[in-house]
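Encoded as structure tokens, the structure appears first; notes follow it.
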Amino acid sequence: MRWNDSTATVVGIGSCLPDRVLDNDDVIARGSLDTSGTWIRSRTGIGRRRYVPPGVSTGDLAVAAGAAAMRSAGTAPDLVLLATTTPDHHCPATAPAVAHRLGLDGVPAFDLSAVCSGFVYGLVTATALVRAGACNTPLVIGAETYSAIIDPHDRETAPLFGDGAGAVVLRAGPPGAPGAVRAADLGSDGSGDQLIVIPDGGSRHPPLSCTGPADPYFRMRGRAVYAHAVRRMTDSARRVLQEAGWPASSVRAFIGHQANQRILDSVADRLGIDARHRYGNIGELGNTAAASIPLVLADDRVHASLEPGRRTLLTAFGGGLTWASAALTWPAAAPCHRPASPGTGSSPAHLLHDRSPS
Amino acid sequence: MNTILEHITTVLTEKFEVPADRITPRTMLKDLDLDSLALVELQVTLQEDWNIPLDESTVTPELTLGELAGVVTALAGPEQESGHA
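Line by line, the protein sequences give chains A and B. Just so it is clear: in the first sequence, position 326 is 326 by full-length UniProt numbering, and no numbers are missing. Just so it is clear: in the second sequence, position 3 is 3 by full-length UniProt numbering, and no numbers are missing.
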């Protein structure tokens, strides 16, 4: 997909991170894991991650990040798209409740399930909806509480994941504007659907019909996923750069899904993107799945080092298997941040004006 | 030494910084101080360089470099043995 005439531009950026920080030793102690902080750091690049406190859900993080993005944009969205692996409930979708709590009653609102590729899938879907005239100012949120689906005793997954949410507001605009989405590439390979999976609790193995011990936790075959992630993100990023007509050497911000630092380095090395143009947060936040890329987009340190309009490459890989890439220019919007709070009832005026950008 | 083994040697020395004097056809991968993700990285590299369906489960720590070269040769076809990656 290439959008050289009209497209959508990122005009608002927001984030929400829980306050609770767990370092590698905390995760090891919590799950009695047979590993070390050094081992985790060397294999993944992860040193810390955030967890929500009891009572705070994905929807709560999404409301806070969405409100922050609305404040950054200074506008009220007319559609809410929530990318998540960890909805508040199997049914209904979480996005309508998020829209309601943001004071956006009546707007279209739906969840998008593409695991770690979800935010880029959502960004591309929302861009296409803007171009089609279906909406004007969509709010795209990536929000996750993996702490709710991780087995703390599983060494393969427990050290990797964290909680958080990031969001953007889009608006129709010319391809030359800062924040313009210029090209996209989406794909999937369902033959690998068991490589990243929550085995039980869905309609394949309903919770009440499991004959043996049910496994409601997120599981991942790490080595196989590593190989797929490197190949799929590299190929998808090459396709989207070709669609955009951008040489890899012209990319000034490479933001890959924050799955594993070694995967990110492997992909960027293959693309030929210099280390100084790679941005991420995996050391501090771990893998926040659908929230990982929008959390980098909302990182004040990244905004301090990039000028609006710089060529930006997003690429993601996740369960499904799915992959997604987007070529956009670095937005001019200043990110806003909000803490999460459980419960309901916040008014849109309250959400738009109660905290300055930081 | 055949071309594929030479290529594997080049990858190990240049990309993984394995000293050349530690590499022989009888050397096992587990003796090269490569962790499990480095073995996956080696598998993906060989998969790309030779355009072969090399499975991640094939590249095990107990595999010798000679055996690995044999697996790649079998997947790439015998004509590749004297060709280029």
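Heads up, the beta-carbon is just placed ideally off N, CA and C, and yes, glycines get one too. In this text, all values refer to a predicted model and were calculated from it rather than measured experimentally.
Do residue j and residue i have their beta-carbon atoms positioned less than 9 Å apart in this structure?
| i | j | result |
| --- | --- | --- |
| A127/A | A289/A | For the sequence presented, residue 127/A should be read as Thr rather than Ala. Their beta carbons are not under 9 Å apart, which means T127/A does not touch A289/A by this criterion. |
| N287/A | A259/A | yes |
| T145/A | V80/A | no |
| I198/A | P216/A | yes |
| V10/A | R48/A | no |
| A184/A | W323/A | no |
| L123/A | A237/A | no |
| P339/A | I13/A | no |
| R232/A | D189/A | yes |
| D60/A | G343/A | yes |
| S341/A | C116/A | no |
| P207/A | L33/A | no |
| L29/B | L54/B | no |
| S266/A | V230/A | yes |
| V52/A | A148/A | yes |
| L321/A | G162/A | no |
| S6/A | R131/A | yes |
| T137/A | V169/A | yes |
| R219/A | D151/A | yes |
| L328/A | A180/A | yes |
Which one of the options has the shortest CA to CA distance from residue i?
| i | options | result |
| --- | --- | --- |
| A298/A | T84/A, P331/A, G286/A, R20/A | P331/A |
| G164/A | R50/A, V225/A, A134/A | R50/A |
| L17/A | G142/A, M233/A, A324/A | G142/A |
| R252/A | A304/A, L102/A, D274/A, D269/A | D274/A |
| L186/A | G222/A, T35/A, S32/A, A326/A | A326/A |
| S57/B | H277/A, R223/A, V63/A | R223/A |
| T38/A | V302/A, L306/A, G283/A | G283/A |
| H153/A | A248/A, T35/A, T329/A, M1/A | T35/A |
| R41/A | G31/A, F218/A, D23/A | D23/A |
| L195/A | H228/A, W246/A, V296/A | H228/A |
| H7/B | T64/B, L63/B, D49/B, E62/B | D49/B |
| V44/B | A20/B, V72/B, E62/B | V72/B |
| D31/B | A69/B, G77/B, E62/B, L68/B | E62/B |
| L139/A | Q242/A, A132/A, I150/A, T125/A | T125/A |
| L241/A | L271/A, G103/A, R219/A | L271/A |
| Y121/A | H277/A, S209/A, R219/A, T84/A | T84/A |
| F119/A | D151/A, N136/A, L82/A | L82/A |
| C135/A | R278/A, A76/A, I46/A, H100/A | A76/A |
| D19/A | P54/A, S203/A, M1/A, W246/A | P54/A |
| M1/A | E243/A, G31/A, V302/A | E243/A |
| I46/A | R204/A, H277/A, P96/A, L264/A | L264/A |
| A268/A | S209/A, V296/A, D235/A | D235/A |
| N51/B | G77/B, L68/B, T64/B, T10/B | G77/B |
| R221/A | T94/A, V296/A, L306/A, T157/A | T157/A |
Measure the beta-carbon distance from residue i to residue j and round it to whole angstroms, keeping in mind my assumption that it falls under 8 Å.
| i | j | result |
| --- | --- | --- |
| R262/A | L42/B | Not a contact, Cβ separation roughly 13 Å. |
| P308/A | P178/A | 4 Å |
| D250/A | R311/A | A quick correction: the sequence has Ser, not Asp, at residue 250/A. Contact holds; Cβ gap of about 5 Å. |
| A167/A | A65/A | 4 Å |
| A8/A | R182/A | Contact flag wrong, Cβ pair sits at about 10 Å. |
| R26/B | G66/B | 6 Å |
| V18/B | L39/B | With a Cβ gap of about 12 Å, V18/B and L39/B do not count as contacting. |
| D35/B | R43/A | 7 Å |
| A67/A | L104/A | At roughly 10 Å, the Cβ-Cβ gap does not stay under 8 Å, so A67/A and L104/A are not in contact. |
Next item on the list: Could you tell me whether the region 107–119 of chain A touches the region 8–25 of chain B, where touching means 3 or more Cβ pairs closer than 8 Å?
Entry: no
Self-check item: Contact the region 308–325 of chain A vs the region 251–265 of chain A: 3+ CB pairs below 8 Å
Solution: yes
Secondary structure, beta strand (DSSP E): runs of 3+ residues fully inside the region 256–332 of chain A: 311–318, 322–329
- Task: Kindly confirm or deny that the region 326–343 of chain A and the region 57–77 of chain A touch, where touching means at least three C-beta pairs closer than 8 Å.
- Result: yes
Which full runs of the beta strand (DSSP E) of 3+ residues lie inside the region 151–207 of chain A, going along the chain? 163–173, 181–188
**Asked** Can you give, in chain order, each stretch of the beta strand (DSSP E) that sits fully within the region 59–125 of chain A and has at least 3 residues?
**Response** 79–83, 109–112
Three or more C-beta pairs under 8 Å: does that hold for the region 21–31 of chain A against the region 82–98 of chain A? no
So within the region 122–149 of chain A, which uninterrupted beta strand (DSSP E) runs reach at least 3 residues, ignoring any that extend past its ends? 138–145
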